[in-house]
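*Asks:* Line by line, the protein sequences are chains F and R. Residue numbering for the first sequence follows our numbering, starting at 1 and increasing by one per position. Residue numbering for the second sequence follows our numbering, starting at 201 and increasing by one per position. Quick one: the structure is below, and I'll ask about it shortly.
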Amino acid sequence: MGPTDTRLRTQEEITARVKALEALLIEKGVMTAAAVDRLAEIYENEVGPQLGAKVVAKAWTDPEFKARLLDNATAACAELGIGGLQGEDMVVVENSPTVHNVIVCTLCSCYPWPVLGLPPNWYKMPAYRSRIVREPRKVLAEDFGFGVPDDVEIRVWDSSSELRYWVLPERPPGTEGLSEKELEALVTRDSMIGVGAVAS
Amino acid sequence: MTARQDATELGDARRRVEALVCDLPGGSEQAFDQPWELRAFAMAVAAYHNGHYEWSEFQLSLVDAIRRWEQGDGGEPWRYYEHWVTALETVLSSRGLLSEALLDDETRVVLATPRNANHHKAHREPVAVSPAISRT
Numbered sequence: 001m002g003p004t005d006t007r008l009r010t011q012e013e014i015t016a017r018v019k020a021l022e023a024l025l026i027e028k029g030v031m032t033a034a035a036v037d038r039l040a041e042i043y044e045n046e047v048g049p050q051l052g053a054k055v056v057a058k059a060w061t062d063p064e065f066k067a068r069l070l071d072n073a074t075a076a077c078a079e080l081g082i083g084g085l086q087g088e089d090m091v092v093v094e095n096s097p098t099v100h101n102v103i104v105c106t107l108c109s110c111y112p113w114p115v116l117g118l119p120p121n122w123y124k125m126p127a128y129r130s131r132i133v134r135e136p137r138k139v140l141a142e143d144f145g146f147g148v149p150d151d152v153e154i155r156v157w158d159s160s161s162e163l164r165y166w167v168l169p170e171r172p173p174g175t176e177g178l179s180e181k182e183l184e185a186l187v188t189r190d191s192m193i194g195v196g197a198v199a200s
Numbered sequence: 201m202t203a204r205q206d207a208t209e210l211g212d213a214r215r216r217v218e219a220l221v222c223d224l225p226g227g228s229e230q231a232f233d234q235p236w237e238l239r240a241f242a243m244a245v246a247a248y249h250n251g252h253y254e255w256s257e258f259q260l261s262l263v264d265a266i267r268r269w270e271q272g273d274g275g276e277p278w279r280y281y282e283h284w285v286t287a288l289e290t291v292l293s294s295r296g297l298l299s300e301a302l303l304d305d306e307t308r309v310v311l312a313t314p315r316n317a318n319h320h321k322a323h324r325e326p327v328a329v330s331p332a333i334s335r336t
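Pasting the structure below:
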């Protein structure tokens, strides 16, 4: 049952192992139970893609903000109190009638947490990580039911620990009368990953 | 997250953690599928916060664990947080903070102890009674 043991573990076994690990580490003074609880609490319900949606809606309604966002996403998000982490470098790639963008991390699953929250399971799956690079049009159509028109170029961006990408989707037609708040509600997580559409 | 909320202690703590994990594989749709995943996540960050290893060591260890899985025979399903646990064990062992043998033993003890041993039975009586000090 060592760390490199590839034997299949049941949920019960892994639960027991993690529990045992926590007990040993607390006993050894590596950490306190309170610290673990505190960190768990921070993440249990919080971070999510609504933060990214806020940024997108602002970019749709404020051309100057959009220009700043495309120029330096990290700084523009910080204006809204989002992210602002040291050493962080986010790049926003903009969809257009001729270009559709999609993000991946081919090595592990680098992801713009401050704006999109925790990555979905499939984003971390080896299948997505390799296939989206090899056959993006097919993966989007077959796995996500998201057909990109043939005359639109698809660009796949590989995030790393140095640079994390996310997508600025196009503002849907017919939304001219909507407020920024109403627009926020249309922005889906998948549209900011590039595997889905904005709600309409 | 507004700028105001962000200034709270919780916001600060979260920012510090995000600075670490934004470069790592994360959780699931609901962040974590199982409670143990959240505990394992929090433990890795807590040990780092206490200065027991560099975050880059943990990151490399995680990438290694995932790579080993990828090079495997495919018999094992993809369970991300198992790799997280493996990475954590590996880093702690290399720092002399964890004995795998001891962990194996402790795990067996936990498994042998029925979880919530009595929680499937209705307890219809007070579980403890502290008698009145005096009666009138």
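Glycine included, every Cβ here is placed at the ideal spot set by N, Cα and C.
Measuring only between beta-carbons, confirm whether Leu260 of chain R sits less than 8 Å from chain F.
*Replies:* For the purposes of this step, residue 260 of chain R is taken as residue 60 along the second sequence, with counting starting at 1. Answer no: the Cβ-Cβ gap between Leu260 of chain R and chain F never drops below 8 Å.
*Asks:* Does DSSP classify Glu306 of chain R as helix, strand or coil?
*Replies:* By one-based count along the second sequence, residue 306 of chain R stands at place 106. Three-state DSSP puts Glu306 of chain R in a helix.
*Asks:* Note down, in chain order, every chain R residue with its Cβ under 7 Å from the Cβ of Lys58 of chain F.
*Replies:* By 1-based counting over the first sequence, the position of residue 58 of chain F is 58. The premise fails here: Lys58 of chain F is roughly 13 Å from chain R at the closest Cβ pair, so nothing lies under 7 Å.
*Asks:* Are the C-beta of Gly226 of chain R and some C-beta of chain F separated by less than 8 Å?
*Replies:* The residue labelled residue 226 of chain R in the question sits at position 26 within the second sequence. Because the pLDDT at Gly226 of chain R is just 44, under 50, the model does not fix this residue reliably, and the point stays unresolved.
*Asks:* Among all the DSSP beta bridges, which residues are the ones paired with His100 of chain F?
*Replies:* Position 100 of the first sequence, counted from the first residue, corresponds to residue 100 of chain F. Answer by DSSP bridge pairing, in chain order: F:Ile154.
*Asks:* Give the residues of chain R in contact with Leu163 of chain F, contact being defined as C-beta atoms less than 9 Å apart.
*Replies:* Within the first sequence, numbered from 1, the residue matching residue 163 of chain F stands at position 163. What Leu163 of chain F touches in chain R: nothing, since even the nearest Cβ is about 10 Å away.
*Asks:* Please list, in chain order, the residues of the region 21 to 32 of chain F that have any C-beta partner in chain R closer than 7 Å.
*Replies:* Sequence-ordered contacts of the region 21 to 32 of chain F with chain R read Leu21, Glu22, Ala23, Leu24, Leu25, Lys28, Val30, Met31 [C-beta pairs closer than 7 Å].
*Asks:* Would Ser200 of chain F be called buried (16 or more neighbouring beta carbons within 10 Å of its own) or exposed?
*Replies:* The sequence position of residue 200 of chain F within the first sequence is 200, counting from 1. So Ser200 of chain F counts as exposed.
*Asks:* According to the Cβ coordinates, are Leu220 of chain R and Trp255 of chain R closer than 8 Å?
*Replies:* Indexing the second sequence from 1 puts residue 220 of chain R at position 20. Indexing the second sequence from 1 puts residue 255 of chain R at position 55. Yes, Cβ-Cβ distance for Leu220 of chain R and Trp255 of chain R is below 8 Å.
*Asks:* Would you mind telling me which residues of chain R sit closer than 7 Å to Arg131 of chain F, beta carbon to beta carbon, in chain order?
*Replies:* Translated into the one-based positions of the first sequence, residue 131 of chain F becomes position 131. Residues of chain R passing the Cβ test: none, with the nearest at roughly 14 Å.
*Asks:* CB-CB under 7 Å to Arg171 of chain F, same chain, minus the five flanking residues each way: which ones, in chain order?
*Replies:* Taking the first sequence and counting its residues from 1, one reaches residue 171 of chain F at position 171. Only Trp60 meet the Cβ criterion.
*Asks:* From Ala35 of chain F to Leu21 of chain F, what distance separates their C-alpha atoms?
*Replies:* Taking the first sequence and counting its residues from 1, one reaches residue 35 of chain F at position 35. Taking the first sequence and counting its residues from 1, one reaches residue 21 of chain F at position 21. Near 15 Å, if we compare the C-alpha coordinates of Leu21 of chain F and Ala35 of chain F.
*Asks:* Are the C-beta of Ala197 of chain F and some C-beta of chain R separated by less than 8 Å?
*Replies:* To locate residue 197 of chain F, count along the first sequence from 1; it is residue 197. No - not a single Cβ of chain R is within 8 Å of the one on Ala197 of chain F.
*Asks:* For Gln259 of chain R, count neighbouring C-beta atoms within 10 Å of its own C-beta (all shown protein chains included) and say buried if the count is 16 or more, exposed if not.
*Replies:* Locating residue 259 of chain R in the second sequence gives position 59, where the first residue counts as 1. By the 10 Å Cβ count, Gln259 of chain R comes out buried.
*Asks:* Would you check if the distance between the CB atom of Val187 of chain F and the CB atom of Ala40 of chain F is smaller than 8 Å?
*Replies:* By one-based count along the first sequence, residue 187 of chain F stands at place 187. By one-based count along the first sequence, residue 40 of chain F stands at place 40. No. Outside cutoff.
*Asks:* Given this structure, state the Cα-to-Cα distance separating Asn291 of chain R from Ser261 of chain R, to the nearest angstrom.
*Replies:* Translated into positions along the second sequence, residue 291 of chain R becomes position 91. Translated into positions along the second sequence, residue 261 of chain R becomes position 61. Going by the sequence as given, residue 291 of chain R is Val instead of Asn. So the two alpha carbons sit approximately 7 Å from each other.
*Asks:* Contact defined as beta carbons within less than 8 Å: I believe Ser294 of chain R pairs with Glu300 of chain R. What is the distance between those atoms, to the nearest angstrom?
*Replies:* Here the question's residue 294 of chain R lines up with position 94 in the second sequence. Here the question's residue 300 of chain R lines up with position 100 in the second sequence. In fact, because the Cβ distance is near 11 Å, the residues do not count as touching under 8 Å.
*Asks:* Please confirm whether Lys19 of chain F has its beta-carbon closer than 8 Å to some beta-carbon of chain R.
*Replies:* Numbered from its first residue, the first sequence carries residue 19 of chain F at position 19. Yes - at least one Cβ of chain R is within 8 Å of the one on Lys19 of chain F.
*Asks:* What are the residues that DSSP puts in a beta bridge with Arg164 of chain F?
*Replies:* Against the first sequence, residue 164 of chain F aligns to sequence position 164. According to DSSP, which records beta bridges pairwise, Arg164 of chain F is partnered with F:Met90.
*Asks:* Looking only at C-alpha atoms, which of F:Gly83, F:Asp143, F:Tyr165, F:Trp122 sits nearest to Val92 of chain F?
*Replies:* Working through the first sequence from its first residue, we reach residue 92 of chain F at position 92. Of the listed residues, the one whose Cα sits closest to Val92 of chain F is F:Tyr165.
*Asks:* From which residue to which residue does the alpha helix (DSSP H) around Asp190 of chain F run?
*Replies:* Residue numbering aside, residue 190 of chain F sits at position 190 when the first sequence is read from its first letter. First-last of the alpha helix (DSSP H) with Asp190 of chain F: 189 to 193.
*Asks:* Quick check: Val102 of chain F and Ile26 of chain F, are their CB atoms within less than 8 Å of each other?
*Replies:* As a first step, residue 102 of chain F must be located in the first sequence, where it is residue number 102. As a first step, residue 26 of chain F must be located in the first sequence, where it is residue number 26. One thing to note: Val102 of chain F has its Cβ no nearer than 8 Å to the Cβ of Ile26 of chain F.
*Asks:* Does Ala40 of chain F come within less than 8 Å of chain R when only Cβ atoms are used?
*Replies:* Counted from its first residue, the first sequence places residue 40 of chain F at position 40. Chain R contact via Cβ: present.
*Asks:* Could you please give the first and the last residue of the uninterrupted alpha helix (DSSP H) stretch that includes Thr74 of chain F?
*Replies:* Sequence index remark: in the first sequence, residue 74 of chain F carries index 74 (1-based). Thr74 of chain F -> alpha helix (DSSP H) spans 73 to 79.
*Asks:* If you measure from the beta carbon of Val36 of chain F to each beta carbon in chain R, is any gap under 8 Å?
*Replies:* On the first sequence, position 36 is the one that residue 36 of chain F refers to. Output row for Val36 of chain F: interface = yes.
*Asks:* Quick one: using the 10 Å Cβ neighbour count with 16 as the cut-off for buried, is Ala265 of chain R buried or exposed?
*Replies:* The residue you call residue 265 of chain R lines up with position 65 of the second sequence. With 16 or more Cβ atoms within 10 Å of its Cβ, Ala265 of chain R is classed as buried.
*Asks:* Would you call Ser159 of chain F buried or exposed, if buried means 16 or more other Cβ atoms sit within 10 Å of its Cβ?
*Replies:* Along the first sequence, one-based indexing puts residue 159 of chain F at 159. By the neighbour-count rule (16 or more Cβ atoms within 10 Å), Ser159 of chain F is buried.
*Asks:* Determine whether the beta carbon atoms of Trp284 of chain R and Thr15 of chain F lie at a separation below 8 Å.
*Replies:* Locating residue 284 of chain R in the second sequence gives position 84, where the first residue counts as 1. Locating residue 15 of chain F in the first sequence gives position 15, where the first residue counts as 1. In this structure, Thr15 of chain F does not lie closer than 8 Å to Trp284 of chain R by Cβ.
*Asks:* Which of helix, strand or coil does DSSP assign to Phe146 of chain F?
*Replies:* Working through the first sequence from its first residue, we reach residue 146 of chain F at position 146. Coil.
*Asks:* In whole angstroms, what is the alpha-carbon distance linking Leu298 of chain R and Gly272 of chain R?
*Replies:* One-based indexing of the second sequence puts residue 298 of chain R at position 98. One-based indexing of the second sequence puts residue 272 of chain R at position 72. As the crow flies, the alpha-carbon of Leu298 of chain R is around 26 Å from that of Gly272 of chain R.
*Asks:* From the beta carbon of Cys103 of chain F, is the nearest beta carbon of chain R less than 8 Å away?
*Replies:* One-based indexing of the first sequence puts residue 103 of chain F at position 103. First, the residue type needs correcting, since residue 103 of chain F is Ile and not Cys in the sequence shown. Answer no: the Cβ-Cβ gap between Ile103 of chain F and chain R never drops below 8 Å.
*Asks:* Considering only the alpha carbon of each residue, which of F:Ala23, F:Met31, F:Arg129, F:Ala197 lies closest to Leu303 of chain R?
*Replies:* For the purposes of this step, residue 303 of chain R is identified with residue 103 of the second sequence, where counting begins at 1. If we check each option's Cα against that of Leu303 of chain R, F:Ala23 comes out closest.
*Asks:* Looking at C-alpha atoms only, which residue of R:Pro277, R:Gln234, R:Gly296, R:Val310 is the closest neighbour of Lys28 of chain F?
*Replies:* In the first sequence, the residue the question calls residue 28 of chain F occupies position 28. Closest by alpha carbon: R:Gly296.
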